[in-house]
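Let me begin by presenting the structure, written as structure tokens, before commenting on it.
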Amino acid sequence: MDRNGQLGGFFDGLRRYSRPAGIIPATESTDPAPRIGLALGGGFARGIAHAGVLKALEQHHIPIHCITGVSAGAIVAAAYASGATPTEIARTGCAMRFGDVGRWRLGRLGLVSSERMNGFLKRLMRTSRFEEMRIPLGILATDLSTGQPVAFHGSGNVFEPIRASCSYPGLFHPIRYHGRLLVDGAMSMEIPAALARQLGATHVVSVALPVHRPSALPSNMFQVVNRCFQILQSLSESNWRSETDLVMTPDVRGVDWNGFECGPQLIEAGESAALAAIPKLREYLAVGHSTVDPAEFLPAAS
């Protein structure tokens, strides 16, 4: 090889190995590794089904990067993020009764106070602060003044945000917190899928707990409020579905809002819904986010 050929080869090599910092060739992927975020909806006693979902995911070694929740889903999400096992959460849920979290106290803004929930949460959770959670946790409440969702995550005590997220309007007293009057997170967003995305999830799995639509007209005030809640949530369903990659829908329609005695049935329903989703979750984890077929990101039908 002549001298010109040697110099040409030298400069070609120099161009290949002296790439400026920060410049990545097109053949290298810049997409983040798949991270599963779990978003849990509300449902009071029906929330026990979430423990069944978590149990199945752990048994099949599906890693959860972050977890978010509203109402009953907020309790389960916080307990799991703190380090409580699905079995512990299920056992506590099955033994729980309304009096563990609420006390009848007639007031101008509600019928039940939720101070008792603090003791319940202390017994269930391993830590009470967002920054000490085992995985990122997000809790969603609703600002009663603006009607907008209020997200809690990152740092601070979790008990007040959970109590706010569980403050079912007309039943529980709203929670006054940092200058806001807060109520149930499901009033503004039935399932906090967008919050899971905000916490770093590349794939969001939403767990919806459907209720049976009664054929008869409401016969008391609570049924009227409950039915209004259902109507409101049905109108906003497209919002959380647009941020969701996969929907799990445990079959809990036959269980009343306070049906804690149906705990084993609820856990089984959660497990069944999660088991059906395992193949899709494994697909998400097996490939990079950018290589998943966009069709797979369409919200699943309930």
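Okay, so the sequence shown: first residue is 22 according to the numbering used here, each after it adds one.
Don't be surprised by glycine CBs; every beta carbon is placed ideally from N, CA and C.
Close Cβ partners of residue i (< 7 angstroms) along its chain, the five nearest in sequence each way excluded
i: Ser209; result: Thr163, Gly168, Gln169 and Pro170
i: Arg155; result: Ala102, Ser103 and Gly104
i: Asn139; result: Phe180
i: Asn178; result: Ser149 and Arg150
i: Thr113; result: Leu145
i: Gly106; result: It should be noted that the sequence gives Thr, not Gly, for residue 106. Taken in chain order, the list of residues that qualify is empty.
i: Gly43; result: At Gly43 the pLDDT is 39, less than 50, meaning the model places this residue with poor confidence; the figure from the coordinates comes in the next sentence. Counting only Cβ-Cβ distances below 7 angstroms, and skipping sequence neighbours, we find nothing.
i: Arg126; result: Val133 and Ser134
i: Asn260; result: Met210
Limits of the unbroken beta strand (DSSP E) element including residue i
i: Phe173; result: Pro170 to His174
i: Arg197; result: Ile196 to Tyr198
i: Thr163; result: Leu158 to Asp164
i: Ser186; result: That residue, Ser186, is in no beta strand (DSSP E); its alpha helix (DSSP H) goes Phe180 to Ser186.
i: Ala229; result: Counting along the chain, Ala229 falls outside any beta strand (DSSP E), and DSSP gives it neither H nor E.
i: Arg201; result: Arg201 to Asp205
i: Leu61; result: Ile57 to Leu61
i: Leu268; result: The displayed chain sequence assigns Val, not Leu, to residue 268. Unbroken beta strand (DSSP E) run through Val268: Leu267 to Met269.
Cβ-based neighbour list, residue i, same chain, cut-off 8 angstroms, excluding 5 preceding and 5 following
i: Ala70; result: Gly64, Val228, Leu230, Pro271, Val273, Leu287, Ile288, Ala290, Gly291 and Ala294
i: Thr148; result: Ser103, Gly104 and Met154
i: Ala298; result: Val226, Leu267 and Met269
i: Cys249; result: none
i: Val276; result: Ala66, Arg67, Cys283, Gln286 and Leu287
i: Gly128; result: Ser134 and His194
i: His199; result: none
i: Arg218; result: Gly58, Val225 and Glu264
Alpha helix (DSSP H) segment containing residue i, residue limits
i: Tyr71; result: This sequence places His at residue 71; Tyr is not what is there. Segment Ala70 to Gln80, the alpha helix (DSSP H) holding His71.
i: Leu306; result: Gly284 to Ala307
i: Ser92; result: Segment: none, Ser92 is in no alpha helix (DSSP H) and carries neither H nor E.
i: Leu216; result: Ala214 to Gln219
CB contact below 8 angstroms: residue i versus chain D
i: Glu211; result: The structure shown contains no chain D; it is built from a single protein chain.
Residues near residue i by beta carbon distance below 6 angstroms, same chain, minus five either side
i: Ala47; result: A caution first: Ala47 carries a pLDDT of 42, below 50, which makes its placement in the model too unreliable to give a value.
i: Glu49; result: Because Glu49 carries a pLDDT of 47, less than 50, the predicted location of this residue cannot be relied on, and the following value inherits that uncertainty. Here the set comprises nothing.
i: Ser176; result: Phe151 and Glu152
i: Ser166; result: none
i: Asp121; result: Phe141
i: Cys187; result: Ser92
i: Ala100; result: Ile110, Leu145 and Met146
Cβ separation of residue i and residue j, assumed to be a contact under 8 angstroms, to the nearest whole Å
i: Leu78; j: Ile85; result: 7 angstroms
i: Ala20; j: Leu158; result: Because residue 20 is not part of the residues shown, which for the chain are 22 to 323, the question remains open.
i: Val226; j: Gly58; result: 7 angstroms
i: Thr223; j: Pro53; result: 6 angstroms
i: Leu302; j: Ile83; result: 5 angstroms
i: Leu253; j: Pro55; result: Contact doesn't hold; Cβ gap of about 33 angstroms is too wide.
(request) Could you tell me whether the stretch 197-207 touches the stretch 80-97, using the rule of 3 or more Cβ pairs below 8 angstroms? (result) A contact exists between the stretch 197-207 and the stretch 80-97.
(message) Does the structure place the stretch 115-128 close enough to the stretch 209-225 that three or more beta carbon pairs sit under 8 angstroms?
(response) Short answer: they don't touch.
(message) Tell me whether the stretch 189-196 and the stretch 126-145 touch, counting them as touching only if at least three CB pairs, one residue from each stretch, are closer than 8 angstroms.
(response) With three or more CB-CB distances shorter than 8 angstroms, the stretch 189-196 counts as touching the stretch 126-145.
(message) Just to confirm the assignment: which complete beta strand (DSSP E) runs, minimum length 3, are found wholly within the stretch 99-168?
(response) Within the stretch 99-168, the complete beta strand (DSSP E) runs of at least 3 residues are 158-164.
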